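Since the structure comes first, as structure tokens, the remarks are kept for the end.
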Ligand code: FES
């Protein structure tokens, strides 16, 4: 199978979107056997590289693939995995599924908002945390559940929230003891 011709597009390089990252994305796109059906794969890669998918990167991908920008925007907004805003170093996900909700998840998330000074999907000023409300993460028996990156905290109480946050401040975030397996 012949590879698709490379489409030359000028990258919207800026302080936050450095050239090396576009080069890495180009290299990934150029090594694909086919670009048909590869949009999601490319978006995953782009989010890995840039940490998020700002509009300029989405448009760049659309031009590279020679497809309408609206098609890319549509896919990005459809999948909650994709984010158009930068993320903090740690992502705090508060489950708002039914089991967690009836066990007080709304109070838990409010407390996180208050302590971090941000709303859902925002990033703290120091760039350390992003707060997200998520749907059931499949640990209903431990409701209410909070995840910080890939660490799961079960039966979380409001008074434990400070401790959870502080355990990631000034730490590399690798050795938390409250992990539930
Ligand atoms: S509802 Fe929260 S883990 Fe299922």
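In the numbering used here, the protein residues as written are 7 to 187.
Even for Gly, the Cβ is constructed at its ideal location relative to N, Cα and C.
All values derive from a computational prediction rather than experimental measurement.
I need the DSSP call for residue 18, collapsed to helix, strand or coil. What you label residue 18 is simply residue 12 of the chain shown in a count that begins at 1. Three-state DSSP puts residue 18 in coil, outside helix and strand.
Out of 21, 20, 13, 63, which has the shortest C-alpha to C-alpha gap to residue 37? Your numbering for residue 37 matches position 31 in the chain shown. With distances taken between Cα atoms, residue 37 lies closest to 13.
At which residues does the alpha helix (DSSP H) containing residue 79 begin and terminate? Numbered from its first residue, the chain shown carries residue 79 at position 73. Annotation: the continuous alpha helix (DSSP H) that includes residue 79 extends over 75–84.
When burial is assigned at 16 or more other CB atoms within 10 Å of the CB, is residue 150 buried or exposed? Counted from its first residue, the chain shown places residue 150 at position 144. By the neighbour-count rule (16 or more Cβ atoms within 10 Å), residue 150 is buried.
Sorted by chain position, which residues of the same chain lie with C-beta nearer than 6 Å to residue 19's C-beta, five sequence neighbours on each side aside? Residue mapping note: residue 19 aligns to position 13 of the chain shown, counting from 1. Answer for residue 19: 25, listed in chain order.
Expected contact under 8 Å - CB spacing of residue 52 and residue 63 to nearest Å: Counting from 1 along the chain shown, the entry for residue 52 is found at position 46. Counting from 1 along the chain shown, the entry for residue 63 is found at position 57. Contact flag correct, Cβ pair sits at about 6 Å.
Enclosing alpha helix (DSSP H) for residue 108 [first to last residue]: Counting from 1 along the chain shown, the entry for residue 108 is found at position 102. Looking at the DSSP string, the run of the alpha helix (DSSP H) that includes residue 108 is 104–108.
Option in 71, 21, 86, 22 with minimal Cα separation from residue 32: Position 26 of the chain shown holds residue 32. For the residues 71, 21, 86, 22, the minimum Cα distance to residue 32 belongs to 71.
On the three-state DSSP scale, how would you describe residue 139? The residue given as residue 139 occupies position 133 in the chain shown. If DSSP states are grouped into helix, strand and coil, residue 139 belongs with the strands.
May I ask you to verify whether the region 115–122 touches the region 155–163, counting CB pairs closer than 8 Å and requiring at least 3? Taking a cut-off of 8 Å for Cβ pairs, the region 115–122 and the region 155–163 do not touch, as fewer than three such pairs fall below it.
Whole-angstrom distance between residue 86 and residue 145, CA atom to CA atom: Position 139 of the chain shown, counting from 1, holds the residue named residue 145. Position 80 of the chain shown, counting from 1, holds the residue named residue 86. Residue 145 and residue 86: Cα-Cα distance of roughly 19 Å.
Using DSSP's beta-bridge definition, name the partner residues of residue 99. Taking the chain shown and counting its residues from 1, one reaches residue 99 at position 93. DSSP lists 138, 153 as partners of residue 99.
The ligand FES heavy atoms versus the CB of residue 104: any closer than 7 Å? Residue mapping note: residue 104 aligns to position 98 of the chain shown, counting from 1. Yes, the beta carbon of residue 104 sits closer than 7 Å to at least one heavy atom of the ligand FES.
I need the straight-line Cα distance from residue 94 to residue 74, nearest angstrom please. Position 88 of the chain shown, counting from 1, holds the residue named residue 94. Position 68 of the chain shown, counting from 1, holds the residue named residue 74. So the two alpha carbons sit approximately 30 Å from each other.
CB contact flag (residue 139, residue 167, <8 Å): Translated into positions along the chain shown, residue 139 becomes position 133. Translated into positions along the chain shown, residue 167 becomes position 161. For residue 139 and residue 167, no; Cβs fall outside 8 Å.
Beta-carbon proximity list for residue 125, same chain, < 8 Å, skipping 5 on both sides: Taking the first residue of the chain shown as position 1, residue 125 is located at position 119. Around residue 125: 119, 137.
Work out the CA separation of residue 156 and residue 34 for me, nearest whole Å. Here the question's residue 34 lines up with position 28 in the chain shown. Here the question's residue 156 lines up with position 150 in the chain shown. Taking the straight line joining both Cα atoms gives about 27 Å.
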